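Peer 1: Residue numbers (UniProt numbering): 1 to 262. Pasting in a structure now, in structure tokens, and then I'll have a few things to ask.
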Amino acid sequence: MAPPKKILKQQQEIMIDFLEQNVEMAKGIPLGHPTTHEATKQKWITLTSKLNLVEGGDKKAAHGWKRYWFTWRHRCSKKAQNVQKIKTNSPGELHRFLPLDDLEVRVLQLHQEREVSSMPKIEFIKQDSESEPEREQDDEPDFPVKVQIKEMKNRKLSADYNNATVNSTETSTPLPPQWALDLEDRRIAAEERMADALETIASTMRSQEERRSMLDERIADALTAIAGTLQEINTSSQHKHSLNHLPTQAEQESAMKDVIFL
């Protein structure tokens, strides 16, 4: 059996681009929202067709890509929380933690887009120590952070998350307890196992349907052959019966003598 294909970065970029244009797909449809579930389902089908067209990438059904998105979003959120926790409690250990990349930052932005009421203030420090620090505002979705960057001010947004420190004077969203994160992990794992089980059941049913179809064809062929054999036997029997009723040569000569004597 061939190994499963890996989800390519190009597929992740296509997914993020599409979800940024259709935020209700990424967040789910709240009650009273004008967007219907059928419309959202159709959008997932459209996105699935785009993702499955990527050469060399993984192929999934619409529900498979949807499940992958929510799993990816949860992992990015948990990773960002771990970055903040390590930066706060053990700053010296941050170098051992894999930093967030650009796509993961976009996932977090998309995840938090509806929950952010104001943009956090971010402080940038140029590489030149003699120059004055400049203050800019970014649309970071997590919570107010204070960032120091030792490169040019146009550094990518991912560095803002990876080098963030919690500002004690500003309010921040408290991290969820570990048991809640573990519960979410178990829930996602259970959903994945359930989806795999359903796919296995569907595959088994398709296999059984194919076998039954082949069996029906074989039975039909066998019945056709039996019908042909019976027809041949019946024809042969009728022919033999007709031969038995024909007069023999001796009977014909005796009949001719009887005619002559008469």
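Beta carbons: idealized from backbone N, C-alpha and C, even for Gly. These numbers come from a predicted model, not from an experiment.
#1: Going by C-alpha distance, which of 79, 19, 179 and 196 is nearest residue 51?
#2: In chain order, what are the residue ranges of uninterrupted alpha helix (DSSP H) at least 4 long that sit wholly in the region 9-57?
#3: Using only the alpha-carbon positions, how far apart do residue 220 and residue 211 sit?
#4: Would residue 178 be called buried (16 or more neighbouring beta carbons within 10 Å of its own) or exposed?
#5: Leaving out the 5 sequence neighbours to the left and right, which residues in its chain are closer than 8 Å to residue 103 when beta-carbon positions are compared?
#6: Please classify residue 60: does DSSP put it in a helix, a strand, or coil?
#7: Which residues mark the beginning and the end of the alpha helix (DSSP H) in which residue 108 is found?
#8: Return helix, strand or coil for residue 230, following the three-state DSSP convention.
#9: Looking only at its chain, what residues have a beta carbon closer than 6 Å to the beta carbon of residue 5, apart from the 5 residues adjacent to it on each side?
#10: Using the three-state DSSP reduction, which class does residue 171 fall into: helix, strand or coil?
#11: Just confirm the distance between the C-beta atoms of residue 67 and residue 184, as a whole number of angstroms; I'd bet it's less than 8 Å.
#12: Taking the alpha-carbon positions, what's the residue 105 to residue 76 distance?
#13: For residue 90, name the three-state secondary structure that DSSP assigns.
#14: Return the CA-CA distance between residue 229 and residue 237, expressed in angstroms with no decimal places.
#15: Return the CA-CA distance between residue 182 and residue 222, expressed in angstroms with no decimal places.
#16: Tell me which residues share the same chain as residue 62 and place their Cβ nearer than 6 Å to its Cβ, disregarding the 5 neighbours each side in the sequence.
#17: Go ahead and pull the three-state DSSP assignment for residue 98.
#18: Between residue 207 and residue 218, what straight-line distance do the alpha-carbon atoms span, to the nearest angstrom?
#19: DSSP three-state call for residue 78: helix, strand or coil?
Peer 2: Inspection of the coordinates gives the following:
#1: Checking every option, the nearest Cα to that of residue 51 belongs to 19.
#2: Counting only runs of 4 or more, we get 9-21, 23-27 and 37-52.
#3: When rounded, the distance between both Cα atoms is 14 Å.
#4: Answer is exposed; the Cβ neighbour count stays below 16.
#5: Residues 9, 12, 13 and 16 of the same chain have their beta carbon placed closer than 8 Å to that of residue 103, with the five preceding and five following residues left out of the count.
#6: Residue 60: coil per DSSP, three-state reduction.
#7: Run containing residue 108: 102-112, per the alpha helix (DSSP H) assignment.
#8: Helix, per DSSP.
#9: Closer than 6 Å at Cβ, skipping near neighbours: 58.
#10: Because the pLDDT of residue 171 is 41, which lies under 50, any placement of that residue in the model is unreliable, and the question is left without a value.
#11: Separation of the CB atoms of residue 67 and residue 184 is rounded to 14 Å, and the pair is thereby denied contact status at 8 Å.
#12: Counting only the Cα atoms, residue 76 lies some 8 Å from residue 105.
#13: Three-state result, residue 90: coil.
#14: Approximately 12 Å between the Cα atoms of the pair.
#15: Cα-Cα distance, rounded: 59 Å.
#16: Excluding residues within five positions, the ones whose Cβ falls inside 6 Å are 44, 45 and 48.
#17: DSSP places residue 98 outside both helix and strand once states are collapsed to three, so it counts as coil.
#18: When only Cα atoms are considered, residue 207 and residue 218 end up about 17 Å apart.
#19: DSSP places residue 78 in the helix class (H, G or I) of the three-state scheme.
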